[in-house]
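Chains as they are written, first to last, in the numbering used here: chain A, 1 to 172; chain B, 173 to 588; chain C, 589 to 752.
We put the beta carbon where it would ideally sit given N, CA and C, even for glycine.
None of these values were measured; they are calculated from a predicted model.
Here the structure comes first, spelled out in C-alpha cells, and everything after it is commentary.
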Amino acid sequence: MGLEAVLQKDGFLTTTIDAIVAWSRKSSVWPMPMGISCCAIEMIAAADPKYDIARFGSEVMRFSPRQSDLMIVAGTVTYKMAQVVRRIYDQMPEPKWVIAMGACTSSGGMYRSYSVVQGIDQFLPVDVYTAGCPPRPENLLNALMTIQEKISKTKARDFKNRSLAELEHSQN
Amino acid sequence: MDRIKQIYNDEKLLKKLQEDRDISIEDVLENEMVINMGPQHPATHGVLRLVLRLDGETVTGIIPELGYLHRGYEKMAENMSFIEFIPHTDRLDYLATMCNNVGYVLAVEKLAGIETPKRAQYIRMIVAELSRIASHLIAIGTFAMDVGAVTMVMWTFREREKVNSIFDRIAGARFTTSYTRIGGVASDIDDQSIAEIAKFLTELEPALVEMDKLMLSNRIFIDRLEGIGILPKEDAIALGVTGPNLRASGVEYDVRRAKPYLFYNEIDFKIPTFTQGDCLARYFQRGDEVRESVKILRQCLDKIPQGEVIANNPKKVLPHKTEIYSKMEELIHDFMIINFGINPPVGDTYFSVENPKGELGFYIVSNGSGQPWKLKIHSPSFCNLQAVSQLCKGAMISDVVAIIGSLDPVMGEADK
Amino acid sequence: MNTKELIIEKVKEKFSESVEEISDFRDDLSITIKKDQIVNLGRFLKENSDLQFIMCKDVTAIDWATRKKRFTTVYHIYSFKLNYTLRLKSNIDDDPPTIETVSPIWPSANWYERETWDMYGIKFINHPDLRRMYMPEGFEHHPLKKDFPVLGIPGSLPLPNKAD
Ligand code: SF4
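Here it is in C-alpha cells:
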C-alpha cells in the first residue's frame, strides 16, 4: 500500500473503516494448517526459506483453531477424519476462510474408494480450490493471494451476526 | 451482549457449567486422567490419534488409534492394472516417494519375471538413496522441532529442497514423482542432473556437520532424549519394529544387506547400528544413515554404466511415448498392455526393500490377469507404531512427543 | 543342505500329516498347513533352535470369492539365523471364518490380525484385543472382501452436516 509514502506527505490519512479493516484482515491471515497427508509437506515447503509464505503475512501457522482465520485443508480427507475437520472448523472464530489444497480435498482426487470423501465441499464451505497433486508451493501462494483478494472485498460489518457454531451445539 | 445474556438465562447450559465446577481437589489428585492427543496435533506427524491415561504426569496407558488416513489402497489396487498403481505408491510414504516406486516395480518385476537393464537399476539406486536422504532429513528436522528446536526444521528443509529440485529435473515433479516403470525408469538422467547430485552431495556434508553442531551442543535436546523410550533388542524383534528403529536397538538387519536387490551387492557400505535403543540413538542412527547414503551415491555416480533405461520386452513393458506415436508395432503393444495388462503368471510373491522407515514389502497374488488379485502392503510405519504403547508406558507426557518423533511414522503408509 | 531343504525337512518331520501343500514359486517357499495346526507349527518354527523364526513380518488374508474354502490366511515370518522369509498359509472353510490367533507366539501379530479382522472379517480366536484397526467402530462391512464395492456402500459412513 505504500503507507509510508502517504504518511510522509501529509502525516495523516483518510479512509473508511471498511477499507482499513479489510486491509488489516487481509495482510495478516493466520493459517490453521490442517495437514493430513502428502499435501501437508508442500504446505510446510511453502513456509520454508525458499518459498517463504511470510511475504504474505501468513507465516504464523497456528495449530490451535482458536487463533486462526484460514484453514488450509491439505490432504486426503477420509470419512473418519471428516468429523474431526468439521469440529476444528467449528472452533475457529469468525471470520474464517477455507482453502481446499490439492486434488484430494477438491474432489477426492485419485482415490475413488470407499473411505475417502469425494470433495470436502460436501461438509465444509470452501473458498478456494487449488489444483495439483500436490499443488506446488507457488500454487498455494496463489491460492492465498486469491483469498486475500476475497478478503479485501469484505466489509467490517459482514460478520456481525455470525456466531460460533460450536455454542449452538453445546446448547442443545 | 445479547448473546451472552441469552446464554446466562439458559438454565440447561448454566446447570452444565455448574456441574463442571463441582470437581474438588481430592478428585483431581486421586483420579487418573484420560486425555486425547490428535488426530490434529502437530507432534503426531500426521493424523495419528493417541488416547493417554495419566497418573499425574506419568503415562500409565496409551492406545494409538489409526485409520484417519485409511484411503483403501489395497482395495483400489485390486481394481486397477499393475501399471496404474505406480502413482499410488508415491503417496504411501510421501516423504520417500522414489523408494516406494522402486520397491513396487521390483516386486512386480519379480512376479512377472522381467529383467531390467543395468543402467536403469543404477538410476533406481541413485534416486532411492536421494529419497532416503530427503526422508531422513525431514525425520531429523521434525523430530528436533517436536522437542523444541525449530531452527533445525528450516535447515533440513533447505537441504531437502535441493533434492526436490533434482527430482524436478529428473522426473518432472517435486515429490510425487512416479518415476519408475515396470522394466525400467521413465526417462534417462542427463549429465546435468548427475552434476547437480554431485554438487548437492558436496554441500550436504558440511551442512550435516553444522546440524550436528547445532543439536549436540544443545543440552536441552540431549537431556530430553537420552535414556528416553528405551526399546530393548528382544522387544524390538518381538514387536516387529523395522528399519532405523530396529538398528538403533542393536539388530544389524538391513534388507539391502540381508537380501540385496538392485546392485547393492556391488556397493561398499556399512550398516550403522547403536545399542542403546533410546530416542537419542534413533536420532544418531538417522544421521549416520544419511552419511552412508552419501557414500553409496558417490559410488553409484562413479559406477553408473551407459545403456538403455527400459527393458526391451514388448509384451510386458510399455514402449516410450514417442515410439507409440510413430510406430505401428509399438502402438499395438501399448494398446494391449493398457487394456489387458501385463498378465504375470499365476502365483504369489513377497518382495521387500529397505525404505527410510524400514522394510517395505509387497505381497502380490496374481491369478494370471492384468490386475492383482490381492496386493498387500507391508508398511514399516505401521510396524513401528506398534511399539508406541510399550515405549510410552511409564514415560512422562512430554516424552510421548519425543518418542513418536523418534519413531518417525508416516501415516500415509501406516494407514494405507 | 540349503535353507529351503532344511526348513522343509524339519517341518515334514513333525507335521507330515497336517501339511497340505509346499510350493516354491519365484524362490519364495510357502507352506500350507491345516487350520488347527497353525499355532503349533508357528511355535515349532519359532522355538526350534535350527530355525528360529522369531519375527512375524506380516499377517494377511486372501479372499478367493468363489472357492469353497473362501479365505486363506497368510503369514510371513523371518528368521535372523537363516536370513530367510518363510510364508505360511492356512485355508479357512467355516462361515463366519475363524482361526486361532498367533499373537501369543509373535506379539507383533496383534495389530496385523486386527487389520485382517477389519478388512476381511476373519475372527481370530483368543486374540487379546480384536477391534477394528482402520475403519470406525460401528462400521458393519469388511472392505477387502470381494463382494464389497470399491466405492463403498452409500450411507454406511456418516458425514457431518454442511452448515451455512
Ligand atoms: S492431492 Fe495428491 S499430494 Fe495432495 S493429499 Fe491428495 S494424493 Fe496427496
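With a cut-off of 8 Å, do at least 3 Cβ pairs link the segment 82-93 of chain A to the segment 43-53 of chain A?
The answer is no - the segment 43-53 of chain A does not touch the segment 82-93 of chain A, with fewer than three Cβ pairs under 8 Å.
Can you name the residues of chain C whose CB is closer than 8 Å to the CB of B:M248?
Indexing the second sequence from 1 puts residue 248 of chain B at position 76. Contact note: B:M248 reaches chain C through V738, using a C-beta cutoff of 8 Å and chain order.
According to DSSP, is B:G538 part of a helix, a strand, or is it coil?
For the purposes of this step, residue 538 of chain B is taken as the residue at position 366 of the second sequence. The amino acid at residue 538 of chain B is misidentified as Gly; the sequence shows Ser. The answer is strand: DSSP assigns B:S538 an E or B state.
Counting only Cβ pairs nearer than 8 Å, list the residues of chain B close to A:M101.
Here residue 101 of chain A is taken as the residue at index 101 of the first sequence, counted from 1. Near A:M101 there are no residues of chain B at all, since even the closest Cβ is about 14 Å away, more than 8 Å.
Roughly how many angstroms separate the alpha carbons of B:F441 and B:N272, rounded to a whole number?
Translated into the one-based positions of the second sequence, residue 441 of chain B becomes position 269. Translated into the one-based positions of the second sequence, residue 272 of chain B becomes position 100. The straight-line gap from Cα to Cα measures roughly 21 Å.
With B:M270 as the anchor, note down where its alpha helix (DSSP H) starts and where it stops.
For the purposes of this step, residue 270 of chain B is identified with residue 98 of the second sequence, where counting begins at 1. Counting along the chain, B:M270 sits inside the alpha helix (DSSP H) bounded by residues 269-284.
Own chain residues within Cβ distance below 8 Å of A:S24, not counting five before or after:
Stepping through the first sequence from its first residue, residue 24 of chain A is reached at position 24. Taken in chain order, the list of residues that qualify is empty.
Reduced DSSP secondary structure (H/G/I, E/B, other) of C:T591
Your numbering for residue 591 of chain C matches position 3 in the third sequence. Three-state DSSP puts C:T591 in a helix.
Could you check whether B:G584 and B:L241 sit closer than 8 Å to each other, using their CB atoms as the reference points?
Taking the second sequence and counting its residues from 1, one reaches residue 241 of chain B at position 69. Taking the second sequence and counting its residues from 1, one reaches residue 584 of chain B at position 412. Cβ atoms of B:L241 and B:G584: closer than 8 Å.
Within the present structure, is the beta-carbon of A:S37 separated from the nearest heavy atom of the ligand SF4 by less than 7 Å?
The count along the first sequence starts at 1 and reaches residue 37 of chain A at position 37. For the ligand SF4, at least one heavy atom lies less than 7 Å from the Cβ of A:S37.
Check: A:A103 C-beta below 7 Å from any heavy atom of the ligand SF4:
Here residue 103 of chain A refers to the residue found at position 103 of the first sequence. With a threshold of 7 Å, the Cβ atom of A:A103 counts as near the ligand SF4, since some heavy atom of the ligand is closer than that.
Quick one: list the residues of chain C neighbouring A:F159, beta-carbon separation under 8 Å, in chain order.
The count along the first sequence starts at 1 and reaches residue 159 of chain A at position 159. Correct list: empty, because the minimum Cβ distance to chain C is about 12 Å.
Would A:Y111 pass as an interface residue toward chain B - the criterion being a Cβ-Cβ separation below 8 Å?
Sequence index remark: in the first sequence, residue 111 of chain A carries index 111 (1-based). Interface residue, yes.
Drop a sphere of 10 angstroms on the beta-carbon of A:M92, count the other beta-carbons inside from all chains shown, and report buried for 16 or more, exposed for fewer.
Position 92 of the first sequence, counted from the first residue, corresponds to residue 92 of chain A. Buried.
Three-state class that DSSP yields for B:V489 in the structure shown:
Taking the second sequence and counting its residues from 1, the one referred to as residue 489 of chain B is at position 317. Reduced to three states, the DSSP call for B:V489 is coil.
Quick one: does the C-beta of A:G109 sit closer than 7 Å to a heavy atom of the ligand SF4?
Looking up residue 109 of chain A in the first sequence gives position 109. Checking the 7 Å criterion, the Cβ of A:G109 is within range of a heavy atom belonging to the ligand SF4.
Taking only the alpha-carbon atoms, compute the straight-line gap between C:P742 and A:Y111 and give it to the nearest angstrom.
Here the question's residue 742 of chain C lines up with position 154 in the third sequence. Here the question's residue 111 of chain A lines up with position 111 in the first sequence. Looking at the two C-alpha atoms, the distance is approximately 16 Å.
Is any heavy atom in the ligand SF4 found nearer than 7 Å to the beta carbon of B:P211?
As a working mapping, residue 211 of chain B is identified with position 39 in the second sequence. Checking the 7 Å criterion, the Cβ of B:P211 is out of range of every heavy atom belonging to the ligand SF4.
What's the C-alpha gap between A:A82 and A:Y129?
One-based indexing of the first sequence puts residue 82 of chain A at position 82. One-based indexing of the first sequence puts residue 129 of chain A at position 129. If you take the alpha carbons of A:A82 and A:Y129, they lie about 17 Å apart.
Roughly how far, in whole angstroms, is the beta-carbon of B:H260 from the beta-carbon of B:P581, given that I think they are within contact range, below 8 Å?
As a working note, residue 260 of chain B is residue 88 in the second sequence. As a working note, residue 581 of chain B is residue 409 in the second sequence. Going by Cβ atoms, the distance from B:H260 to B:P581 rounds to 19 Å, so no, they are not a contact pair.
Could you tell me which chain B residues have their CB closer than 8 Å to the CB of A:M81, listed as they occur along the chain?
Numbered from its first residue, the first sequence carries residue 81 of chain A at position 81. Near A:M81 (Cβ distances below 8 Å), the residues of chain B are P211, V219, Y240, L241.
Beta carbon proximity, C:D646 to chain B, threshold 8 Å
On the third sequence, residue 646 of chain C is found 58 positions in, with the first residue counted as 1. The beta-carbon of C:D646 is placed less than 8 Å from the nearest beta-carbon of chain B.
Whole-angstrom distance between A:M71 and B:R296, CA atom to CA atom
Your numbering for residue 296 of chain B matches position 124 in the second sequence. Your numbering for residue 71 of chain A matches position 71 in the first sequence. Their Cα atoms are separated by approximately 38 Å.
Could you tell me which residues DSSP pairs with C:I687 in its beta bridges?
Residue numbering aside, residue 687 of chain C sits at position 99 when the third sequence is read from its first letter. For C:I687, which the question treats as bridged, DSSP gives the partners C:F712.
Beta carbon of A:T76: closer than 7 Å to some heavy atom of the ligand SF4?
Walking along the first sequence from the start, residue 76 of chain A turns up at place 76. Correct: A:T76 has its Cβ closer than 7 Å to the ligand SF4.
Given this structure, state the Cα-to-Cα distance separating B:K334 from B:L309, to the nearest angstrom.
Looking up residue 334 of chain B in the second sequence gives position 162. Looking up residue 309 of chain B in the second sequence gives position 137. Cα atoms of B:K334 and B:L309: separation of roughly 12 Å, rounded to the nearest angstrom.
Strictly by DSSP, which residues pair up with B:E531?
Counting from one through the second sequence, the residue named residue 531 of chain B turns up at place 359. Checking the DSSP bridge columns, you'll see B:E531 partnered with B:E526.
Counting only Cβ pairs nearer than 8 Å, list the residues of chain B close to A:R136.
Start at 1 with the first residue of the first sequence, and residue 136 of chain A comes out as number 136. Near A:R136 (Cβ distances below 8 Å), the residues of chain B are R346.
Could you spell out the range, first to last residue, of the beta strand (DSSP E) harbouring A:V21?
Here residue 21 of chain A refers to the residue found at position 21 of the first sequence. Not the beta strand (DSSP E): A:V21 falls in the alpha helix (DSSP H), residues 17-27.
Verify the contact flag: B:T349, CB atom, against every heavy atom of the ligand SF4, threshold strictly below 7 Å.
Numbered from its first residue, the second sequence carries residue 349 of chain B at position 177. Look at B:T349: its beta carbon is at least 7 Å from all of the heavy atoms in the ligand SF4.
On a CA-only basis, which of B:A284, B:M317, B:M252 is nearest B:S578? Give me that one, please.
Here residue 578 of chain B refers to the residue found at position 406 when the second sequence is read from its first residue. Of the listed residues, the one whose Cα sits closest to B:S578 is B:M317.
Simplified DSSP assignment, three categories, for A:G102:
For this step, residue 102 of chain A is matched to residue 102 along the first sequence. Helix at A:G102.
By Cβ distance below 7 Å, which residues in the same chain neighbour B:I366 in space, the five residues on each side in sequence not counted?
Working through the second sequence from its first residue, we reach residue 366 of chain B at position 194. Sequence-distant partners of B:I366 (beyond 5 residues in either direction) whose C-beta falls short of 7 Å from its own C-beta, in its chain, are L473.
Give a single yes or no on whether A:P134 has its beta carbon closer than 7 Å to a heavy atom of the ligand MG.
The ligand MG is not among the ligands present in this structure, which contains only the ligand SF4.
Helix, strand or coil at C:K645 [DSSP, three-state]
Translated into positions along the third sequence, residue 645 of chain C becomes position 57. DSSP places C:K645 in the strand class (E or B) of the three-state scheme.
Among the residues of its own chain, which have a CB less than 6 Å from the CB of B:T447, if the five just before and after it don't count?
In the second sequence, counting from the first residue as 1, residue 447 of chain B sits at position 275. For B:T447, where only same-chain residues beyond five positions count, the Cβ hits under 6 Å are G422.
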